[in-house]
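Undergrad: Sharing a structure with you now.
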Amino acid sequence: MKNRKLLWHSRFAPWLFLLPTIIGLLVFRLIPIVWAFVLSFTQWSLLGSPNFVGLSNFIEAFNTEAFLQTFSNTIEFSLIYVVGSIIFGLFLAVLINIKIKSIAFFRAVIYLPVVTSAVAVGIVWNWILGPNIGLVHSILANLNITAPYWLGDPKLALTTVASVQVWKMAGYSMILFLSGLQGISAETLEAAIVDGASKVQRFFRITLPMLSPTVFFVLTVSIIDSFKNFELIYAMTKGGPQNSTNTLVYDVYLNAFVYYRVGYASAVAFVLLVFVGVLTLLNFYIKRHWAQPLE
Amino acid sequence: MSNKNFDKVNPLRFVLIIIAALIAIFPFLWMVQNSFNTEQNIFSKSVFKIPDLLFKSNMFENYQLVIGKYNFGRYTLNSVFVCGLASIGQVIICTLGGFVFARMSFKGSKVVFTLLLITLMVPVQVTIIPEYYIMMKLNWLDTFLPLIVPSFLAGAFGTFMLKEYFEQIPDALLDAGIIDGANAWKMYLHIFLPQCSAPAATLFIIAFMNNWNDLLRPMLYLTKESLYTVTLGLTQFQSQYSAKWNLLLTGSVLSILPLVIVFIFAQKYIIEGSISSGIKG
């Protein structure tokens with residue numbers, strides 16, 4: 019709906035209303051972003067004054083095996099998360115898109131993990147997946163299968179943590195897809211039925227193309243969310259074993275507030291910022307060129 | 014439940030829905046069930062550990078221990094206080110911002126709006142180091158201020174959510190206000206804000222949940238045990254008593270219980286609010 023925005027107010031009113039927002043934008047967003055960029059060229063421990071060291075933080079980072087691993091962990095985590103939440107979200111939405119009375123109940127139950135804290139989720143999954151007394155190990159042991167160390171094996175830990183995150187957030191993308199599905203007109207689908215299109219044809223030829231704006235919305239949101247993994251990693255693995263679940267967001271925390279290498283942490287933060295920026299631009303580009311909503 | 018819509022549902026589909034719901038909820042059931050176990054019982058080899066405290070006189074022993082001795086009662090109160098104030102801040106700041114962007118025209122509106130949109134995508138870890146330094150210099154460490162004050166200043170996704178609601182309010186209301194000679198403040202407070210009580214309440218709840226679940230900021234800003242939020246308290250308990258699984262799971266139940274209760278009563282608003290804005294608990 020387009021509103022008239024006539025000038026019914028004084029020229030200062032909007033600025034007065036926005037004053038706290040603008041202060042917040044400056045003090046907690048814009049200035050810190052620039053500041054972090056400047057700090058990335060320094061060596062600093064939060065005390066005293068920072069020493070300018072040029073590009074050496076970046077040079078160090080990209081020459082360290084552990085950082086390169088952290089970088090690829092970040093990509094892998096995001097990939098598992100984004101692909102997982104789109105596939106499971108879409109599957110759940112299609113599954114639950116029926117008109118029965120109890121559906122609101124099931125929708126709420128599937129959404130429940132989204133609102134619970136990542137810390138509690140991490141703890142209970144640690145318990146379920148844990149060795150010896152964990153549920154999965156006990157069940158497999160009864161079947162005489164030795165379960166892998168989900169969180170103790172460096173080859174498996176990252177996939178395990180990312181999968182738990184997918185489990186936690188699938189309900190959210192489900193809800194987004196569901197609202198997209200409900201926007202598709204029944205007439206179009208009925209016309210396709212009259213034309214003799216099969217269920218599978220209807221899904222891939224009509225539903226999915228008409229859903230493409232939603233798919234890109236979910237893509238955008240889940241890319242942003244894929245970096246919100248600090249809490250879960252802290253509760254489940256603390257970046258281990260052997261750095262295998264360390265991601266850029268966790269690495270910033272580790273370097274800045276555990277090792278007090280603030281300059282280096284700022285460099286990691288800046289790499290993170292560039293990474294998010296590139297992904298966001300890529301996403302906008304794809305959206306502009308491939309995802310024109312059907313008229 | 015024998016309405017006629019129900020009959021149309023493919024039974025296989027219904028079974029799949031039930032399985033999906035079970036996968037979503039079973040870790041929580043598992044958590045609750047094990048919170049009624051004694052320490053010996055929880056380390057037993059059986060797969061399904063029948064809770065040995067259930068229906069005994071000391072049934073809530075774990076809960077009493079965790080709330081009292083391990084201070085989760087205090088943590089919960091801290092969380093309620095911090096999250097309550099921070100969420101009020103979010104509602105104020107986001108209704109103001111949403112109102113301005115929806116209903117006022119001014120030079121620079123687009124620039125500020127775009128900057129807000131872009132900076133929302135920046136992960137908190139990018140800005141946390143300078144933020145920490147600011148809080149340190151303000152002498153706000155070990156107070157609740159770093160967890161509350163930013164919520165009164167930096168409006169997040171709620172601004173966009175409320176902007177859309179304010180845009181849907183008919184122009185007639187604006188005209189009526191102009192005829193009455195209302196200034197901008199009166200227009201916001203007496204005419205537009207009362208129309209937005211539902212989305213404002215939704216925003217309050219979602220902001221409350223986000224703050225409740227936040228870990229990084231409480232971890233950095235609160236070192237005094239008596240100030241811990243419940244999420245922080247839970248992680249500290251986890252690192253100190255990692256083997257006391259029954260108590261750890263009890264703590265987990267306590268940390269999510271308030272949110273689950275709120276969710277049960279407000280799930281419609283929470284879910285719909287999340288769709289319109291891209292925010293969630």
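For the record, the sequence lines run as chains A and B. If you count the first sequence from 1, you need to add 18 to reach our numbering. If you count the second sequence from 1, you need to add 13 to reach our numbering. Don't be surprised by glycine CBs; every beta carbon is placed ideally from N, CA and C.
1. If you draw a straight line from the C-alpha of residue 148 of chain A to the C-alpha of residue 74 of chain B, how long is it?
2. Rounded to whole angstroms, what's the CA-CA distance from residue 27 of chain B to residue 208 of chain A? Just pull it up for me.
3. Quick one: which residues of the stretch 258–292 of chain A get their C-beta closer than 7 angstroms to a C-beta of chain B? List them in chain order.
4. Give the residues from the stretch 107–120 of chain A that approach chain B closer than 9 angstroms (Cβ to any Cβ), ordered along the chain.
5. Does the stretch 245–265 of chain A come close enough to the stretch 176–184 of chain A to have 3 or more Cβ pairs within less than 8 angstroms?
6. Helix, strand or coil for residue 247 of chain A? Go by DSSP, reduced to three states.
7. Considering only residues of the same chain and omitting the five flanking positions on each side of residue 114 of chain A, which have a CB-CB separation below 8 angstroms?
8. Contact criterion: CB-CB distance below 9 angstroms. Does residue 181 of chain A meet it with respect to chain B?
9. Would you say residue 43 of chain B faces chain A, with C-beta separation under 9 angstroms as the test?
10. Between the stretch 55–67 of chain A and the stretch 269–283 of chain A, are three or more C-beta pairs nearer than 8 angstroms?
11. What does residue 249 of chain A touch in chain B if you count any residue whose Cβ is under 9 angstroms from its own?
12. Spatial neighbours of residue 136 of chain A within its chain, please: C-beta separation below 6 angstroms, excluding the five flanking residues on both sides.
13. Just the chain A side, please: which residues come within less than 9 angstroms of residue 148 of chain B by C-beta, in chain order?
14. Please compile the residues from chain B whose C-beta is within a distance smaller than 7 angstroms of the C-beta of residue 184 of chain A.
15. Using CA coordinates, which residue listed in A:210, A:38, A:242 is at the minimum distance from residue 107 of chain B?
16. Which residues in chain B have a C-beta closer than 7 angstroms to the C-beta of residue 131 of chain A? List them in chain order.
17. Spatial neighbours of residue 168 of chain A within its chain, please: CB distance less than 6 angstroms, with the 5 preceding and 5 following residues excluded, ordered by chain position.
18. By the criterion of Cβ-Cβ separation under 8 angstroms, what are the contact partners of residue 135 of chain B in chain A?
19. Establish whether the CB of residue 77 of chain B and some CB of chain A are separated by less than 9 angstroms.
20. Report the residue from B:272, B:281, B:288, B:263 whose alpha carbon sits nearest the alpha carbon of residue 64 of chain B.
21. Determine the chain A residues that contact residue 262 of chain B at a beta-carbon separation under 8 angstroms, and present them in chain order.
22. Please identify the residue among B:85, B:201, B:265, B:53 whose C-alpha is closest to the C-alpha of residue 111 of chain B.
23. Chain B beta carbons: is any one of them nearer than 9 angstroms to that of residue 33 of chain A?
24. Taking residue 116 of chain A as the reference, which of B:22, B:208, B:227, B:241 has the closest Cα?
25. Closer than 8 angstroms is the cut-off here; do at least three beta carbon pairs connect the stretch 259–273 of chain A with the stretch 286–294 of chain A?
26. Alpha carbon to alpha carbon, what distance is there between residue 159 of chain A and residue 137 of chain B?
27. Of all the CB atoms in chain A, is at least one closer than 9 angstroms to the CB of residue 200 of chain B?
28. Take the Cβ of residue 151 of chain B as the centre, count every other Cβ of all protein chains shown within 10 Å, and call the residue buried at 16 or more, exposed below.
29. Short of 6 angstroms in beta carbon distance, which residues of its chain neighbour residue 14 of chain B, apart from the five on each side in sequence? Order them along the chain.
30. Which residues in the same chain have their Cβ closer than 6 angstroms to the Cβ of residue 231 of chain B, if we skip the five residues on either side of it in sequence?
31. For the stretch 21–34 of chain B, which residues have a CB atom closer than 7 angstroms to at least one CB atom of chain A, in sequence order?
32. Counting only runs of 4+ residues fully inside the stretch 181–242 of chain A, write out the alpha helix (DSSP H) ranges in chain order.
33. In chain order, what residues of the same chain lie with their CB nearer than 6 angstroms to the CB of residue 80 of chain B, ignoring the 5 residues before and after it?
34. On the three-state DSSP scale, how would you describe residue 260 of chain A?
35. Tell me whether the stretch 85–103 of chain B and the stretch 210–223 of chain B touch, counting them as touching only if at least three CB pairs, one residue from each stretch, are closer than 8 angstroms.
36. To test your reading of the DSSP string, which unbroken alpha helix (DSSP H) runs of 4 or more residues are found completely within the stretch 133–189 of chain A?
TA: Here's the rundown:
1. In the first sequence, counting from the first residue as 1, residue 148 of chain A sits at position 130. In the second sequence, counting from the first residue as 1, residue 74 of chain B sits at position 61. So the alpha carbons of these two residues sit roughly 25 angstroms apart.
2. Your numbering for residue 27 of chain B matches position 14 in the second sequence. Your numbering for residue 208 of chain A matches position 190 in the first sequence. If you take the alpha carbons of residue 27 of chain B and residue 208 of chain A, they lie about 23 angstroms apart.
3. 267, 270, 271, 274, 275, 280, 283, 284, 287, 290, 291
4. 109, 110, 113, 114, 116, 117, 118, 119, 120
5. yes
6. For the purposes of this step, residue 247 of chain A is taken as the residue at position 229 of the first sequence. If DSSP states are grouped into helix, strand and coil, residue 247 of chain A belongs with coil.
7. Residue 114 of chain A sits at position 96 when you count from the first residue of the first sequence. So the list reads 121, 124, 125, 128, 192, 196, once near-sequence residues are dropped.
8. Here residue 181 of chain A refers to the residue found at position 163 when the first sequence is read from its first residue. With 9 angstroms as the cut-off, residue 181 of chain A does not count as an interface residue toward chain B.
9. Numbered from 1 along the second sequence, position 30 holds the residue referred to as residue 43 of chain B. For residue 43 of chain B, the answer is yes, since a Cβ of chain A falls inside 9 angstroms of its Cβ.
10. yes
11. The residue you call residue 249 of chain A lines up with position 231 of the first sequence. Those within 9 angstroms of residue 249 of chain A in chain B are 226, 227, 228, 229, 244, 248.
12. Counting from 1 along the first sequence, the entry for residue 136 of chain A is found at position 118. Correct list, in chain order: 249, 250.
13. Position 135 of the second sequence holds residue 148 of chain B. Result: empty, since nearest Cβ-Cβ is about 10 angstroms, beyond 9 angstroms.
14. Position 166 of the first sequence, counted from the start, is the residue given in the question as residue 184 of chain A. Chain B residues near residue 184 of chain A: none, gap ~12 angstroms exceeds 7 angstroms.
15. On the second sequence, residue 107 of chain B is found 94 positions in, with the first residue counted as 1. For the residues A:210, A:38, A:242, the minimum Cα distance to residue 107 of chain B belongs to A:38.
16. Taking the first residue of the first sequence as 1, we reach residue 131 of chain A at position 113. Ordered by position in chain B, the residues that pass the 7 angstroms Cβ test against residue 131 of chain A are 37.
17. Stepping through the first sequence from its first residue, residue 168 of chain A is reached at position 150. Cβ within range, chain order: 147, 174, 178.
18. Numbered from 1 along the second sequence, position 122 holds the residue referred to as residue 135 of chain B. By Cβ distance, chain A contributes 47, 51, 291, 294.
19. Counting from 1 along the second sequence, the entry for residue 77 of chain B is found at position 64. Chain A, which has no Cβ nearer than 9 angstroms to the Cβ of residue 77 of chain B, makes this no.
20. Taking the second sequence and counting its residues from 1, one reaches residue 64 of chain B at position 51. The option with the nearest alpha carbon to residue 64 of chain B is B:263.
21. Position 249 of the second sequence, counted from the first residue, corresponds to residue 262 of chain B. What residue 262 of chain B touches in chain A: 141, 142, 145.
22. Position 98 of the second sequence, counted from the first residue, corresponds to residue 111 of chain B. Of the candidates B:85, B:201, B:265, B:53, the one whose C-alpha sits nearest the C-alpha of residue 111 of chain B is B:201.
23. Sequence index remark: in the first sequence, residue 33 of chain A carries index 15 (1-based). It does: the Cβ of residue 33 of chain A has a partner Cβ on chain B nearer than 9 angstroms.
24. Along the first sequence, one-based indexing puts residue 116 of chain A at 98. Out of B:22, B:208, B:227, B:241, B:22 has the C-alpha closest to the C-alpha of residue 116 of chain A.
25. yes
26. Within the second sequence, residue 137 of chain B is the residue found at index 124, counting from 1. Within the first sequence, residue 159 of chain A is the residue found at index 141, counting from 1. Each residue's alpha carbon lies about 42 angstroms from the other.
27. Against the second sequence, residue 200 of chain B aligns to sequence position 187. Answer yes: the Cβ-Cβ gap between residue 200 of chain B and chain A drops below 9 angstroms somewhere.
28. Against the second sequence, residue 151 of chain B aligns to sequence position 138. Per the 10 Å Cβ criterion, exposed.
29. Numbered from its first residue, the second sequence carries residue 14 of chain B at position 1. Reliability fails at residue 14 of chain B, whose pLDDT of 43 lies under 50, so the model's placement of it is uncertain and the value that follows must be treated cautiously. Nothing listed; no residue qualifies.
30. By one-based count along the second sequence, residue 231 of chain B stands at place 218. Cβ neighbours of residue 231 of chain B beyond the five flanking positions: 242, 245.
31. 22, 26, 29, 30, 33, 34
32. 204–212
33. In the second sequence, counting from the first residue as 1, residue 80 of chain B sits at position 67. Cβ within range, chain order: 86.
34. Here residue 260 of chain A is taken as the residue at index 242 of the first sequence, counted from 1. Correct three-state label for residue 260 of chain A: coil.
35. yes
36. 136–147, 153–160
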